[in-house]
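Remarks on the structure that follows.
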Amino acid sequence: VEARETPWSSGGRRRFRARMAEDRFELPRELEEFRAIVRQIAEERIAPRAAEIDETDEWPEDVYKVLVDSMIHDGLWSSFTRMTMGESSDRVNADLGITRDEQDAWAARSHRRAHAAWEDGRMAEEVVPVEAPQPSGDAVLVYGDEGIRPDTTPESLATLPPAFGANGTITAGNASQISDGGAAVVVTGEETALELGLEPLAEIVAHGMAAERFAYLHSVPAIALQSALKKAGLDVHDLGLIEVNEAFAAVALNVTKVLGVSDDIVNVNGGAVALGHPIGMSGARIVLTLAHEMRRRGVDLGGATICGGGGQGDALVLRRPA
20 VEARETPWSS GGRRRFRARM AEDRFELPRE LEEFRAIVRQ IAEERIAPRA
70 AEIDETDEWP EDVYKVLVDS MIHDGLWSSF TRMTMGESSD RVNADLGITR
120 DEQDAWAARS HRRAHAAWED GRMAEEVVPV EAPQPSGDAV LVYGDEGIRP
170 DTTPESLATL PPAFGANGTI TAGNASQISD GGAAVVVTGE ETALELGLEP
220 LAEIVAHGMA AERFAYLHSV PAIALQSALK KAGLDVHDLG LIEVNEAFAA
270 VALNVTKVLG VSDDIVNVNG GAVALGHPIG MSGARIVLTL AHEMRRRGVD
320 LGGATICGGG GQGDALVLRR PA
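Heads up: the sequence shown begins at 20 in the numbering used here, then just goes up one per residue.
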């Protein structure tokens, strides 16, 4: 797994606890604005797809004669497999026997559930409208997720071509959407919350991390959640709700199978296939969605889990405050 320090790695945890002890509050903020990512280009060579990027041993004169899609290069590229996560995940789908029909069915359901959540007013509780400046004219108020397509069906998704090769099963319709987004949470200790009269949304019970073979994004969210549950002395069936980031429909589908839980409790308000996956903020988003839904339903325990590039998984177990 790529050497990374997250807020929950050993060094990150120590510094996180130190900051918490000193400041009493931590405000993790996650933002991803894919719209602002530019293709970095030099001279005249323009490649229409990131997969067409050439390699060169020349430095420094010729190395910039290629187009680099920084969204792919910085966020969606595995330095181990030297493929995009979509390409490698497509191969893993075949290894795991995950079919196109299964993925399309999951994706269509994600849209239906997300649409219902907005129609019922559930998602509005956790979303802050923002003004989006326009190239000309007045700013536009964005108040909700713009990628939800309630009329999506497995049959309509079946008409889409594979995204990563003629024999692939991942398409633009059963993968997460490229979206802008931001999320923020306030983390503090119980003593400080009581002192200041704050009403916490949830209590962090345990955290789990996992690593697998580089391409196996499908498995690590389940392994990470199992690790967190073990730390807490809990079983997966103690969880009343689970949020799995839908980097691809296949990921959430496989995590549900590995955990052995009903899909009735997984991504009940839809997932990233419908809502979008701004990769820098999705971890905070699924935790917030989980905490709000636990409160609405009176669910005592829930789990949120996400895959990361290079075969990494991270998970949290949350408890609803009494």
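For each residue, glycine too, the CB sits at the ideal point set by N, CA and C.
- Neighbourhood of W125 by C-beta distance below 6 Å, restricted to the same chain and skipping five residues each side: Taking W125 as the centre and dropping the five residues before and after it, the same chain places the C-beta of A268, L272 closer than 6 Å to its C-beta, in chain order.
- Please classify G302: does DSSP put it in a helix, a strand, or coil? Three-state result, G302: helix.
- Query: Pairing CB atoms from the region 196-206 with CB atoms from the region 311-331, are three or more of them under 8 Å?
  - Reply: The region 196-206 vs the region 311-331: no contact.
- Message: Check for me: the alpha helix (DSSP H) holding R4 runs from which residue to which?
- Response: Absent from the model: residue 4. The displayed extent of the chain is 20 to 341, so no value can be given.
- Does the region 325-334 come close enough to the region 213-231 to have 3 or more Cβ pairs within less than 8 Å? Counting C-beta pairs closer than 8 Å gives three or more between the region 325-334 and the region 213-231, which meets the contact rule.
- Message: Helix, strand or coil for E345? Go by DSSP, reduced to three states.
- Response: Outside the modelled stretch of the chain, which goes from 20 to 341, sits residue 345, for which no answer is possible.
- Message: Let me make sure I understand the geometry here. Which of G322, N288, C326 has the alpha-carbon closest to that of M300?
- Response: The shortest C-alpha to C-alpha distance from M300 to any of G322, N288, C326 is the one to C326.
- Per-residue burial, E262 [other beta carbons within 10 Å of its own, 16 or more giving buried]: The residue is buried, with at least 16 neighbouring Cβ atoms inside 10 Å.
- Message: Quick check: the Cα distance between R315 and P173, rounded to an integer number of angstroms?
- Response: Between R315 and P173, the C-alpha separation is close to 30 Å.
- According to DSSP, what are the bridge partners of H226? L335.
- Query: Does the Cβ of S238 have 16 or more other Cβ atoms within 10 Å, making it buried, or fewer, making it exposed?
  - Reply: Its Cβ being crowded by 16 or more others within 10 Å, S238 is buried.
- Check whether the Cβ atoms of Y235 and V111 lie closer than 8 Å to each other. In terms of Cβ geometry, Y235 and V111 form a close pair [threshold 8 Å].
- Item | Where the alpha helix (DSSP H) through I197 begins and ends | Where I197 is concerned, there is no enclosing alpha helix (DSSP H), given that its DSSP letter is neither H nor E.
- Residue of G166, P340, A191 minimising C-alpha distance to Q122: Minimum Cα distance to Q122 is reached at A191.
- Going by C-alpha distance, which of I167, I117, A113 is nearest A135? Closest option to A135, Cα to Cα, is I167.
- Terminal residues of the continuous beta strand (DSSP E) containing A185? Looking at the DSSP string, A185 is not in any beta strand (DSSP E), and its letter there is neither H nor E.
- Compute the distance between the beta-carbons of H296 and S195, then report whether it is under 8 Å. Yes, these two residues count as a Cβ contact at 8 Å.
- Task: Please check the pair S129 and G289, which I expect to be a contact at CB under 8 Å, by giving their CB distance rounded to whole angstroms.
- Result: About 5 Å; that satisfies the 8 Å criterion.
- Query: So, helix, strand or coil for L309, using DSSP?
  - Reply: Helix at L309.
- Query: Terminal residues of the continuous beta strand (DSSP E) containing T324?
  - Reply: Unbroken beta strand (DSSP E) run through T324: 320-327.
- Query: Where does L179 sit, in a helix, a strand or coil, going by DSSP?
  - Reply: Looking at L179 - three-state DSSP - the assignment turns out to be coil, as it is neither helix nor strand.
- Query: What separation, rounded to the nearest whole angstrom, lies between the Cα atoms of D350 and V149?
  - Reply: Residue numbering for the chain in the displayed model covers 20 to 341; residue 350 lies beyond these limits and cannot be assessed.
- When the cut-off is 8 Å and only beta carbons count, does A310 lie next to chain C? Note that chain C does not occur in the displayed structure, where there is just one protein chain.
- Query: The alpha helix (DSSP H) with I242 in it runs from where to where?
  - Reply: Unbroken alpha helix (DSSP H) run through I242: 239-251.
- Query: Among D170, I305, A266, L260, which one has its Cα closest to the Cα of V146?
  - Reply: Comparing alpha-carbon positions, the option among D170, I305, A266, L260 lying closest to V146 turns out to be I305.
- Taking the DSSP output, what are the residues bridged to E262? E262 is bridged to A323.
- Pick from R131, Q153, D139, P181: whose alpha carbon is nearest that of P169? In terms of Cα proximity to P169, the closest of R131, Q153, D139, P181 is R131.
- Task: Apply the 10 Å Cβ neighbour rule to E165 and answer buried if 16 or more other Cβ atoms are within range, or exposed otherwise.
- Result: The residue in question, E165, is exposed, as its Cβ has fewer than 16 Cβ neighbours within 10 Å.
- Item | Nearest residue (CA-CA) to G259, options I284, G163, T171, T118 | Considering only I284, G163, T171, T118, the residue with the shortest C-alpha distance to G259 is I284.
- Task: Could you give the DSSP three-state label for S215: helix, strand or coil?
- Result: Looking at the sequence provided, one finds Leu at residue 215 rather than Ser. L215 falls in the coil class under three-state DSSP.
- Message: In the DSSP output, which residue or residues are listed as bridge partners for V255?
- Response: None, per the DSSP bridge assignment.
- Following the continuous beta strand (DSSP E) through L160, name the residue where it begins and the one where it ends. Per DSSP, L160 belongs to the beta strand (DSSP E) from 159-161.
- Message: If the criterion is Cβ atoms closer than 8 Å, does the pair A241 and L278 meet it?
- Response: Their beta carbons are under 8 Å apart, which means A241 touches L278 by this criterion.
- Message: Under DSSP, the alpha helix (DSSP H) around N286 begins and ends at which residues?
- Response: Segment: none, N286 is in no alpha helix (DSSP H) and carries neither H nor E.
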